[in-house]
Amino acid sequence: MKFYFDSHKKNKILPTAYFQHEDVVGMAKDLIGKVLVTDFEGKKTSGIIVETEAYTGINDKAAHSYGGKRTARTEVMYQPGGVAYVYLCYGIHHLFNIVTNKKDIPQAILIRALQPLEGIDIMLQRRKKIKADYTLTRGPGSLAGALGLNRSHTGLLLGQKLIQVEDRGIVIPDSDIRCGARIGVAYAGADALLPYRFWADGNPYVSK
DNA sequence: CAAACGATTTTCT
DNA sequence: GAAAATCGTTTGG
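See the structure below:
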């Protein structure tokens, strides 16, 4: 995978307004190359987003909010874009999503893989690993574990101290961004085939 | 209140 | 490649 640093751009934290854009699929693609940062208990960890999936809400059979379903768990998806949605999957893994679009339009983007940047020692500790390898932040459950994300962070506004997405000027050429069907949503029938998954081609942290 | 089910990962054969 | 690990959420009786 090729990418280069554009020094003309300043590092900037993506503002809440960014996540309230209505095109959740376009945003999932745009987030490839942005940097996800967490800073819990003085432990800063971050990584380049290299794989995402869009969940388009009430018309998307794969989304938790399909059909406008509102439960205690999915309620956060109805908030205005820019907050975190972290839920437990298979009783083991915490999956980190970013709520998008306007209030009452329950869409979200699942972050599926990162290329680690800062705090790799802390990530190793959290993941109970001795040596860094590609499995450190490959897959949604793994990256959430490495960055210390869990259900208690649901509803947290991004861009504050604890969780941020930054544009650090890392540019991944459009020709290196691939799209395809989402993973693990076979139950969604035809919607499982929609090209809502995006990834940086050739990046070793992307799910196999 | 009981039971089934995951937007997964790791380990074992 | 198959199967276990493991529990909050959701649904149905």
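So for the first sequence, the working numbering puts the first residue at 5; every next one is plus one. Note that beta-carbon positions come from the ideal geometry of N, C-alpha and C, so glycine has one too. Here the structure is a predicted model, which means the values were calculated and not measured.
| Item | Value |
| --- | --- |
| Simplified DSSP state of Pro120, which is helix, strand or coil | strand |
| Residues that Asp137 bridges to, as DSSP identifies them | DSSP, once it has assigned bridges, lists no residue as partnering Asp137. |
| Given Glu122 as reference, the closest of Gly71, Ser69, Val41 once Cα atoms are compared | Val41 |
| Where Gly184 sits in the DSSP three-state scheme | strand |
| Exposure of Asn15, with buried meaning 16 or more beta-carbon neighbours within 10 Å | exposed |
| Local Cβ density within 10 Å of Ala190, reported as buried at 16 or more and exposed below that | exposed |
| Assigned secondary structure, Glu45 (DSSP; H/G/I helix, E/B strand, else coil) | coil |
| Three CB pairs or more closer than 8 Å across the region 137-146 and the region 161-174 | no |
| Collapsed DSSP secondary structure at Ala219 in the structure displayed | With the chain covering only 5 through 212, there is no way to say anything about residue 219. |
| Classification of Leu153 by the beta-carbon crowding that lies within 10 angstroms, buried from 16 upward | buried |
| Met5 versus Ile181 - alpha carbon distance | Residue placement at Met5 cannot be trusted, given a pLDDT of 49 that sits under 50; what the coordinates show is reported in the next sentence. Taking the straight line from one Cα to the other gives about 9 Å. |
| Cβ neighbours of Val80 in the same chain (closer than 7 Å, five flanking residues each side left out) | Val87, Tyr89, Val103, Thr158, Gly159 |
| Buried versus exposed call for Thr75 [16 or more other C-beta atoms within 10 Å across all chains shown] | exposed |
| Rounded C-alpha distance that separates Ile124 from Asn207 | 18 Å |
| Nearest-angstrom Cα separation, counted from Ile126 out to Arg186 | 30 Å |
| Option nearest Glu45 by Cα separation, candidates Lys133, Leu99, Leu151 | Leu151 |
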